[in-house]
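Enquirer:
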Amino acid sequence: MTFDWAFLLGTLPAFFRALGLTVELGLIAIATSSLVALLCSSVLLLRLPVLGVLVRAYVELARNTPLLIQLFFIYFALPSLGLKLSGYSSAIVALTFMGGAYLTEVLRAGIEAVPRTQVEAGMAIGLSRWQLFRHVILPQAGVFSLPALFANFIFLVKETTVVSAVAVPELLYTTKNYIGLYSKTYEMLAVMTALCVLLFVPLSLLFRALERRLRHAQFGS
Amino acid sequence: MPSSGLELLWQVAPQLGRGAIQTLAIALAAILCSTLGGLLYGVLGSLGRRALDALLRFYLELFRAIPLLVWLYLFFFGLPLLTGVSLSSFACAVLVLSLWGASEVGEVVRGGLQSLPRAQREAGLALGLSTWQLYRLVLIPQALKRMTPPTINVYTRLIKGSSLAVLIGVIEVIKVGQQIIERTHEHVLIYGTLFVFFFLICYPLSLASRALERRWSYA
Amino acid sequence: MSALIELSGFSKRFGDTQVLREIDLRVERGEVVVIIGPSGCGKSTLLRCLNGLEIGEGGLQFAGEALDAGSDWSRVRQRIGMVFQSYQLFPHMTVLENILLGPLQVQKRARAEVQAQAEALLTRVGLGERAGAYPRELSGGQQQRIAIVRALCMNPEVMLFDEVTAALDPEMVKEVLDVILDLADGGMTLLIVTHEMAFARAVADRILFMDEGRIAEEGEPQAFFSAPRTARAQQFLERFSYLQNVPRRK
Chain B
1 MTFDWAFLLG TLPAFFRALG LTVELGLIAI ATSSLVALLC SSVLLLRLPV
51 LGVLVRAYVE LARNTPLLIQ LFFIYFALPS LGLKLSGYSS AIVALTFMGG
101 AYLTEVLRAG IEAVPRTQVE AGMAIGLSRW QLFRHVILPQ AGVFSLPALF
151 ANFIFLVKET TVVSAVAVPE LLYTTKNYIG LYSKTYEMLA VMTALCVLLF
201 VPLSLLFRAL ERRLRHAQFG S
Chain U
1 MPSSGLELLW QVAPQLGRGA IQTLAIALAA ILCSTLGGLL YGVLGSLGRR
51 ALDALLRFYL ELFRAIPLLV WLYLFFFGLP LLTGVSLSSF ACAVLVLSLW
101 GASEVGEVVR GGLQSLPRAQ REAGLALGLS TWQLYRLVLI PQALKRMTPP
151 TINVYTRLIK GSSLAVLIGV IEVIKVGQQI IERTHEHVLI YGTLFVFFFL
201 ICYPLSLASR ALERRWSYA
Chain V
1 MSALIELSGF SKRFGDTQVL REIDLRVERG EVVVIIGPSG CGKSTLLRCL
51 NGLEIGEGGL QFAGEALDAG SDWSRVRQRI GMVFQSYQLF PHMTVLENIL
101 LGPLQVQKRA RAEVQAQAEA LLTRVGLGER AGAYPRELSG GQQQRIAIVR
151 ALCMNPEVML FDEVTAALDP EMVKEVLDVI LDLADGGMTL LIVTHEMAFA
201 RAVADRILFM DEGRIAEEGE PQAFFSAPRT ARAQQFLERF SYLQNVPRRK
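Residue numbers (the UniProt record's numbering), protein chains in the order written: chain B, 1 to 221; chain U, 1 to 219; chain V, 1 to 250.
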């Protein structure tokens, strides 16, 4: 079999746009999911009555169903309920729906890891609920959660590949599209693999390094 | 056109059921292979051989770093090109999910064995237990408790991951659902049903994992 | 003038367990009260109730003000300092940040004034050089002295000490007890829960012996330690005197 370098080079601009879109989707999803998670975990921490139940139901629903179904529901089913979203918007909504729930769980676990005695020590000097959250709980919970947060950020970037299913021209969709159009399977798989390795392996290595650091991270020295 | 959603669901239930069986078959096969492969991986990983560790590490990092869907495409489109062997899309889905799951379960097993306090091993040896007795009576029972909850979590991820099989052309529950939608245009009803289908399988597993973790963290 | 702290018929239960039973207690300003008793007698719970970490039933007054679950505890706690067995410094803050947190955030005092006070207090407990250190860089005894300064810097009217030397290595106990003795000499109102009997005897104006949620006996330290009236107190003290003087094996 011959390897068609010329064809491969011709597709490279499209592939780099696709890679850019993958990164873009990943970064947006990280930002929106974090926002959702901050809101949801505050609701859980403050033990708000009705909202708390809703948040818990959302987290369970989003964590126990596949992203692909969430995405299909948003893209195909929501229009019949009167909400029509483009593939790109559907992708972001779906990734946020799933990512928000995962990150909420991470933050909740981090908050629970702060010892009760630390909260009492804060109460003993008269800190209000908000001051306790801001000065005592959040900084410590943040450090406890950091490795899991990073892991989930990377997970979100990886999950963007799933949105190829609604024709968002990111890395995987572009590959499949070119394979379908020109049958240059060998070349296209090679480009996809190379770009995936280029994007995901450094991310993974970076995370390992961070994780090792953070595992020993303590305050001071 | 059926008058109500429930009526339609009743009509298409056998068809959806056949699709669901395909999905569950993929998931169960992958769970089985992942567990066996993971046990092998974990035991090999706890032996402390350097070269072996590096190899396992490489395999794990590769499967963790690259998204599952990319692996599916690579095996589905790439395997025939490289080896001349053409797998069915069903077999391909099981293979990729198993390879991924085995590395995840394997890390859980290895971690479970390594997380036991050294003093437990020493206390067992001090009683005069043989290595086999030490593992069978002291270490494995304790490690099993640590390993089970995260392993169940890997199982739910495998079940959710099995949904991706539709993207390489397996006629499973989602594909069947899409076929029904083409006939009936009941998007909300069918996708809603699929939502519930996956939730009803995954949620009890998540609950079980959490309950076991809570119960055994005090043990 | 009313007592600084006044409890009447004060009780506390956790589920089915009655931890405090009908406690009556008056603590005057400037008084040093030491609470002793066997594990689980309710002495720590009593301290925790005084600053609202636990809410009990019955009469509880601080400086003439009745307190219950609905009170503004944040305001009351500014007037009651508390030090815990396990120090509970905030690990993500330096020593100085730990001390300044309450005065700046809760009391909204001026930084310059508070910082001067903090530095003076640090020097007083022998830790003037460690303002920039993080808690984990310090020994247990040093951390506990910082925790005392953190409470003192709020200018409280009373200090509660909950077994503050119980987690310390023996060689560090003295440096912490010295700080407390110094406070007592300065006229501060103190409520101290401790297992250090010699220290209790040295520092206390009054000893409370608690048993099964009640104040079983109280009195001046000399009288209490030399001639306890109740059988439970006698038993309790015998165990301690045994530990002071374990008989040589035969």
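Beta carbons: idealized from backbone N, C-alpha and C, even for Gly.
Would you mind sorting H135 (chain B) into buried or exposed? The rule is 16 or more other CB atoms within 10 Å of its CB.
Expert: By the Cβ-count criterion, H135 (chain B) is buried, with 16 or more other Cβ atoms from all chains shown falling within 10 Å of its own Cβ.
Enquirer: What's the call for Q244 (chain V), buried or exposed, on a 16-neighbour Cβ count within 10 Å?
Expert: exposed
Enquirer: From the DSSP secondary-structure annotation, give me the bridge partner or partners of E218 (chain V).
Expert: Note: E218 (chain V) sits in a beta bridge opposite V:L208.
Enquirer: From Q144 (chain V) to R150 (chain V), what distance separates their C-alpha atoms?
Expert: 10 angstroms
Enquirer: Check each candidate in V:G132, V:R248, V:R249 and V:V203 and name the one with the smallest Cα separation from G30 (chain V).
Expert: Nearest C-alpha to G30 (chain V): V:V203.
Enquirer: For C196 (chain B), return the contacting residues in chain U, with the cut-off set at a CB-CB distance below 8 angstroms.
Expert: Chain U residues near C196 (chain B): I66, P67 and V70.
Enquirer: Using a Cβ cut-off of 7 angstroms, which residues of the region 76-97 of chain V contact any Cβ in chain B, in chain order?
Expert: R77, Q78, M82, F84, S86, Q88, F90, P91 and H92
Enquirer: Below 8 angstroms CB to CB, which residues in the same chain sit around G92 (chain U) once its five sequence neighbours on both sides are set aside?
Expert: The residue asked about is misnamed: residue 92 (chain U) is Cys in this sequence, not Gly. These residues qualify, in order along the chain: L72, F75, F76, L79 and I168.
Enquirer: Less than 9 angstroms between CB atoms is the rule here; does R150 (chain V) satisfy it with respect to chain B?
Expert: yes
Enquirer: Please confirm whether V201 (chain B) has its beta-carbon closer than 9 angstroms to some beta-carbon of chain U.
Expert: yes
Enquirer: Assign L138 (chain V) to one of two classes, buried (16 or more other C-beta atoms within 10 Å of its C-beta) or exposed (fewer than that).
Expert: buried
Enquirer: In the DSSP output, which residue or residues are listed as bridge partners for I69 (chain B)?
Expert: Answer by DSSP bridge pairing: none, since I69 (chain B) is not bridged.
Enquirer: Whose C-alpha, out of U:Y203, U:L69, U:Q120 and U:I140, is nearest the C-alpha of W100 (chain U)?
Expert: U:L69
Enquirer: Closer than 8 angstroms: is that where the CB of T45 (chain V) sits relative to any heavy atom of the ligand ATP?
Expert: Questions concerning the ligand ATP fall outside what the structure shown contains, since it holds no ligand whatsoever.
Enquirer: So which residues of chain V does L128 (chain B) contact, with C-beta pairs closer than 8 angstroms?
Expert: Here residue 128 (chain B) is Ser; the residue named in the question, Leu, does not match the sequence. Ordered by position in chain V, the residues that pass the 8 angstroms Cβ test against S128 (chain B) are S74 and V106.
Enquirer: Between B:T2, B:L78 and B:A141, which lies nearest to P91 (chain V) when the distance is taken from Cα to Cα?
Expert: Between P91 (chain V) and the set B:T2, B:L78 and B:A141, the nearest pair of CA atoms involves B:A141.
Enquirer: Which runs of the alpha helix (DSSP H) spanning at least 4 residues fall entirely within the region 119-170 of chain B, listed in chain order?
Expert: 138-159
Enquirer: By the 8 angstroms beta-carbon criterion, what residues does the region 129-145 of chain B contribute toward chain V?
Expert: Q131, H135, V136, P139, Q140 and V143
Enquirer: At what residues does the beta strand (DSSP E) containing V158 (chain V) begin and finish?
Expert: Unbroken beta strand (DSSP E) run through V158 (chain V): V158 to D162.
Enquirer: What does the Cβ neighbour count give for I80 (chain V), buried or exposed, with the cut at 16 atoms within 10 Å?
Expert: Result: buried.
Enquirer: Of all the CB atoms in chain B, is at least one closer than 9 angstroms to the CB of G52 (chain V)?
Expert: yes
Enquirer: Keeping to the same chain, check which residues put their C-beta closer than 6 angstroms to that of T23 (chain U); ignore five residues upstream and five downstream.
Expert: S162, E172 and V173
Enquirer: Have a look at K175 (chain U) and L39 (chain B) and give me their C-alpha separation to the nearest angstrom.
Expert: Computed Cα separation, rounded: 36 angstroms.
Enquirer: Can you find the residues in the same chain that come closer than 7 angstroms, C-beta to C-beta, to A69 (chain V), ignoring five residues on each side of it along the sequence?
Expert: I55
Enquirer: Near I146 (chain B), what residues of its chain come up, given a Cβ to Cβ distance below 7 angstroms and the 5 sequence neighbours on each side ignored?
Expert: Looking at the sequence itself, residue 146 (chain B) is Leu, so the reference to Ile does not match. Within the same chain, L214 come within 7 angstroms of L146 (chain B) by CB-CB distance, once the 5 residues on both sides are set aside.
Enquirer: What's the call for D72 (chain V), buried or exposed, on a 16-neighbour Cβ count within 10 Å?
Expert: exposed
Enquirer: Mind checking who E65 (chain V) pairs with in its DSSP beta bridge?
Expert: V:F62
Enquirer: Is the Cβ-Cβ distance between L28 (chain U) and Y41 (chain U) less than 9 angstroms?
Expert: no
Enquirer: Go ahead and pull the three-state DSSP assignment for K174 (chain V).
Expert: helix
Enquirer: Grouping DSSP H, G and I as helix and E and B as strand, with all else coil, what is F199 (chain U)?
Expert: helix
Enquirer: For L164 (chain U), I'd like the list of residues in its chain whose CB is within less than 7 angstroms of its CB, leaving aside the five on either flank, ordered along the chain.
Expert: L68, L69 and L72
Enquirer: Can you tell me whether DSSP reads I152 (chain U) as helix, strand or coil?
Expert: helix
Enquirer: Short of 8 angstroms in beta carbon distance, which residues of its chain neighbour C49 (chain V), apart from the five on each side in sequence? Order them along the chain.
Expert: F10, K12, L20, I55, G56 and L60
Enquirer: With a threshold of 9 angstroms between beta carbons, is Q118 (chain B) in contact with chain C?
Expert: No chain C is part of this structure, whose protein chains are labelled B, U and V.
Enquirer: How long is the line joining the alpha carbons of L83 (chain B) and C196 (chain B), rounded to whole angstroms?
Expert: 34 angstroms
Enquirer: Cβ closer than 9 angstroms: which chain B residues qualify as neighbours of C202 (chain U)?
Expert: R63, N64, T65 and P66
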